[in-house]
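Chain order of the listed sequences is A and B.
Counted the way the working numbering counts, the first sequence spans residues 1 to 115.
Counted the way the working numbering counts, the second sequence spans residues 116 to 226.
Here's the structure we're looking at; comments come further down.
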Amino acid sequence: NAGVTQTPKFQVLKTGQSMTLQCAQDMNHEYMSWYRQDPGMGLRLIHYSVGAGITDQGEVPNGYNVSRSTTEDFPLRLLSAAPSQTSVYFCASSKISMSRTDTQYFGPGTRLTVL
Amino acid sequence: GDSVTQMEGPVTLSEEAFLTINCTYTATGYPSLFWYVQYPGEGLQLLLKATKADDKGSNKGFEATYRKETTSFHLEKGSVQVSDSAVYFCALSGSARQLTFGSGTQLTVLP
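The structure is reproduced here in structure tokens:
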């Protein structure tokens with residue numbers, strides 16, 4: 001199993017450009033999520049999905065769109081990049097069980113710089 | 116809402132020293148608690164977890180005990196190694212099943 005994969009690893013954008021960060025998992029996990037990591041702030045949830053066709057907002061959703069057409073893929077779209085979106089982005093996935101003990105598996109991250 | 120507060124870093128220790136990284140939380144109900152570790156240039160990996168009060172999670176010599184009375188989940192290791200140098204994140208999973216992270220603690224272990 002490849003686990004959770006993310007592309008690209010690095011990206012530089014100009015203000016106003018759009019792009020899509022790709023995320024895929026091969027563990028048949030129902031739950032997928034996107035986080036951004038900023039210095040001194042830990043990880044903050046952007047969007048998440050509990051299955052194909054179902055998405056919801058996290059703590060910091062503004063400026064980002066997501067869709068979930070398949071169980072495996074969960075792309076994150078930046079509609080009009082802003083310097084405030086300079087960050088490291090992590091995708092994660094997990095099973096969904098009745099408890100709250102499910103381990104989330106993280107991808108290697110995408111480092112995005114917006115000029 | 117849910118929140119996690121963890122010890123400010125960075126922390127620098129000599130090899131074989133004792134490590135404690137403090138973590139306290141605020142949550143309604145009975146959250147599950149986690150420690151994740153991030154090695155340089157990598158994503159986060161689960162280090163250990165505990166799902167109910169008085170549970171002790173352990174892995175690779177690290178331990179943390181779920182203390183409901185003090186709302187804490189402090190990470191400890193008796194003898195750190197250079198290879199333990201990383202960023203450590205405390206996190207909780209509450210009623211919404213979403214992970215809430217602390218700000219992270221950078222640990223550097225010197226030989």
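Beta carbons: idealized from backbone N, C-alpha and C, even for Gly.
These numbers come from a predicted model, not from an experiment.
Query: Delimiting residues of the beta strand (DSSP E) encompassing B/Asp169; Result: Careful: B/Asp169 lies outside any beta strand (DSSP E) and carries neither H nor E.
Query: Spatial neighbours of A/Gln85 in its chain, beta-carbon cut-off 7 Å, leaving aside the 5 residues before and after; Result: Gly63, Leu78, Leu112 and Val114
Query: Cβ neighbour criterion (16 or more within 10 Å) applied to B/Phe133; Result: exposed
Query: Bounding residues of the beta strand (DSSP E) (the contiguous stretch that carries A/Glu30); Result: Unbroken run through A/Glu30: none, as it is neither H nor E.
Query: Cβ of B/Val195 within 9 Å of any chain A Cβ; Result: no
Query: Contacts around A/Leu43, its chain only, beta-carbon distance under 6 Å, and the 5 residues preceding and following it disregarded; Result: Tyr35 and Gln37
Query: Minimum C-alpha distance to A/Ser67 - residue among A/Gln6, A/Gln11 and A/Ser33; Result: A/Ser33
Query: Continuous beta strand (DSSP E) stretch holding A/Gln6: start and end; Result: Val4 to Thr7
Query: Residues of its chain near B/Val197, where Cβ-Cβ distance is below 7 Å and the 5 sequence neighbours each way are ignored; Result: Glu130, Val224 and Pro226
Query: At least three beta-carbon pairs within less than 8 Å, the segment 158-172 of chain B to the segment 180-191 of chain B; Result: yes
Query: Chain B contact for A/Phe106 (CB, 9 Å cutoff); Result: yes
Query: Whole-number beta carbon distance between A/Asn28 and A/Thr71, since they are thought to touch under 8 Å; Result: 6 Å
Query: According to DSSP, residues forming a beta bridge with B/Ile136; Result: B/Leu190
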